[in-house]
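Below you'll find the structure, written out as structure tokens, and then a few comments.
Number of protein chains: 2
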Amino acid sequence: METLRERKKQRTREALLRTALELFTTQGYEGTTVDDIAEAVDVSQRTFFRYFAGKEEAALALEEMTVAHFLEAVRERPLHEAPMEALRQAVLEGWDTLNDVIEAVAPVELYLRMYKVVESTPALLAAHLRRSVETEEAIARILAEREGVDMDTDPRPRLAVAVFGGVMRLTERQWSTGEDFSLDAMRALTVSYLEQVGPALSESWRTH
Amino acid sequence: METLRERKKQRTREALLRTALELFTTQGYEGTTVDDIAEAVDVSQRTFFRYFAGKEEAALALEEMTVAHFLEAVRERPLHEAPMEALRQAVLEGWDTLNDVIEAVAPVELYLRMYKVVESTPALLAAHLRRSVETEEAIARILAEREGVDMDTDPRPRLAVAVFGGVMRLTERQWSTGEDFSLDAMRALTVSYLEQVGPALSESWRTH
DNA sequence: AGGCTAATGACAGCCTCTGACAATTGACAA
DNA sequence: TTGTCAATTGTCAGAGGCTGTCATTAGCCT
């Protein structure tokens, strides 16, 4: 952001994003129109769509940053860790360093509030899940390269990621609807669920 | 469907659905407008929205039928089967008896073609995934009751379903993009992936 | 046959998103 | 500094999904 022009663009984008998130978390996603956002920032509606492909993109912009951050964490995991363990450590580390990634754009608190909005708004949840598919494909690629296997012939990378992704999405959902809506609670849930995957799979749950 | 009125409604709905699916599979989902469908059936656009909550609902109507069918299959699995095994058998059985559920509305071949449309259309894939969340919640409830555990305190039902769902979605995706687009191929993929979940999880994949 | 009710059509309107063109504003060299 | 070029924005116009409303039609039932 050298030139004045670039700085202005940056400021417009951040104003749009911050305003959008603020409105989404207070009036709800569907209760907020793009016109509302544009008007609050004092730009035309058309300008909003020049910065964001759609309402969804603005709503999920923070998440996109954290996903990128998580992918980076996976890439940097030591090679001696087994795939699932590497993923596990990467998520936990991701939560720990969440603030470093977000703070420049918005307070963590706003991110957390958006989480609930996403989870409780059908249209947003749908968009979120669709993105997860792409994220999982990216993670699978990282794992495959890491372990030196070929994704096209070996299903294990995608399989491991599918399982991991399933558990993580469940974790998010339970967390966002639970009472303890803190990062610590999220960490605890993650650890707990990942621990119980094994037992949940092959055994019978009955205690007769 | 006793009265003439009810028969007419039934016919209108089926005409709309069949026409919609036909257009979706030939011109694509986004290349088809609701007006196109309504016009082809010779009803007003408003009438379309009286039968379907939206374009999505029409596109996913067949799938909804098969999901209901699958849930029924899960409910009827013998109690001696472990949870994951019951789910596995239910899916396989679901595929076997797919035709019985679909044929009254549309040929299986149309259902299969729609599968590719869903998987390759972002908006539809998103809607599909969102529905999967609800489906998984329903399955978890069935499993919990079956095994006599309380979902609110025991995470295993949701956990098992999350894992299973993750694997099944991967299966669908790989199947829909693969070359062998037959039900047999689907069955084979399902069995194969479920077999490899265990190995993919805890071990290292390297063969040094 | 005639009243009742359900189904449909016809508008009008809101919201998301896009293309096109003109106006503005910063960048940069002469 | 000024003039030119390019990037940013605003303004329109319009498509497409979806909803509310109200009048009209058509099946139902006595």
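From first to last, the protein sequence lines are chains Y and R.
Residue numbering for the first sequence follows this note's numbering, beginning at 1487 and increasing consecutively.
Residue numbering for the second sequence follows this note's numbering, beginning at 1487 and increasing consecutively.
Each residue gets a CB set at the ideal place from its N, CA and C atoms; glycine is no exception.
Here R1642 (chain Y) is buried: its Cβ has 16 or more other Cβ atoms, across all protein chains shown, within 10 Å. Using a Cβ-Cβ cut-off of 9 Å, A1506 (chain R) does not count as an interface residue toward chain Y, since no Cβ of chain Y sits closer than that to its own. As summarised for the region 1577-1640 of chain R, the continuous alpha helix (DSSP H) elements at least 4 residues long and confined to that stretch are 1584-1588, 1594-1606, 1608-1633, given in chain order.
Among the residues facing chain R, D1670 (chain Y) is not included, as its CB has no counterpart in that chain under 9 Å away. For A1686 (chain R), the closest Cβ of chain Y is nearer than 9 Å. Just measuring C-alpha positions, the residue of R:V1653, R:E1543, R:L1598 sitting nearest L1573 (chain R) is R:V1653.
Nearest in C-alpha terms to R1655 (chain R), of all of Y:A1609, Y:E1623, Y:A1559, Y:E1525, is Y:E1623. Straight through space, the alpha carbons of E1542 (chain R) and H1555 (chain R) are spaced by roughly 20 Å. Collapsing the DSSP output to three states places L1565 (chain Y) in coil.
At least 9 Å separates the CB of R1532 (chain R) from every CB of chain Y.
When C-beta distances to chain R are compared with 8 Å, the residues of the region 1653-1670 of chain Y below that value are V1653, R1655, L1656, R1659, Q1660, in chain order. Going by C-alpha positions, V1647 (chain R) is about 19 Å away from L1611 (chain Y). For the pair E1550 (chain R) and H1614 (chain R), the Cα-to-Cα distance works out to about 10 Å. Secondary structure note for L1680 (chain Y): its alpha helix (DSSP H) is the uninterrupted segment 1669-1688.
If you check the CB distance, I1625 (chain Y) and V1560 (chain Y) come in under 9 Å. Leaving aside the five residues that flank R1627 (chain Y) on each side, the residues in its chain whose CB is nearer than 8 Å to its CB run, in chain order, M1637, P1643. A Cβ of chain R is located within less than 9 Å of the beta carbon of Q1682 (chain Y). Close to chain R, meaning a Cβ-Cβ distance shorter than 9 Å, are the following residues of the region 1635-1647 of chain Y: V1635, D1640, P1641, R1642, P1643, R1644, L1645, A1646, V1647. About 53 Å separates the beta carbons of L1490 (chain R) and A1686 (chain Y), which is beyond the 8 Å limit, so they are not a contact pair.
Proximity of chain R to G1540 (chain Y) at the Cβ level (cut-off 7 Å) is not reached, the minimal Cβ distance being about 11 Å.
Listed in chain order, the positions of the region 1596-1611 of chain R with a beta carbon within less than 9 Å of a beta carbon of chain Y are P1608, A1609, L1611.
The count of Cβ pairs closer than 8 Å, one atom from the region 1590-1598 of chain R and one from the region 1591-1603 of chain Y, stays below three, leaving the stretches out of contact. With its beta carbon at least 9 Å from every one in chain Y, A1547 (chain R) lies outside the interface.
Looking only at Y:G1651, Y:F1534, Y:A1576, Y:V1529, the smallest Cα-Cα distance to E1620 (chain Y) is reached by Y:G1651. Secondary structure at E1658 (chain Y): helix, using DSSP grouped into helix, strand and coil. Counting the other CB atoms within 10 Å of its CB gives P1564 (chain Y) a total below 16, which places it among the exposed residues.
Going by DSSP, D1666 (chain R) is part of no alpha helix (DSSP H) at all; its letter is neither H nor E.
Per the coordinates, the alpha-carbon of R1616 (chain R) lies some 10 Å from the alpha-carbon of E1605 (chain Y). The straight-line gap separating the alpha-carbon atoms of T1512 (chain R) and V1520 (chain R) is approximately 15 Å. Contact between A1547 (chain R) and L1503 (chain R) holds, with the beta-carbon distance rounding to 6 Å and staying under 8 Å.
At least one CB atom of chain Y sits nearer than 9 Å to the CB of F1650 (chain R). The C-beta of Y1679 (chain R) comes closer than 9 Å to at least one C-beta of chain Y.
Beta-carbon to beta-carbon, T1518 (chain R) and A1524 (chain R) are separated by about 11 Å, too far to satisfy the 8 Å threshold. For F1534 (chain R), the enclosing alpha helix (DSSP H) starts and ends at 1531-1537. In chain order, L1687, S1688 make up the part of chain R whose C-beta sits under 7 Å from the C-beta of M1570 (chain Y). Between L1629 (chain R) and P1569 (chain R), the alpha-carbon positions lie close to 7 Å from each other.
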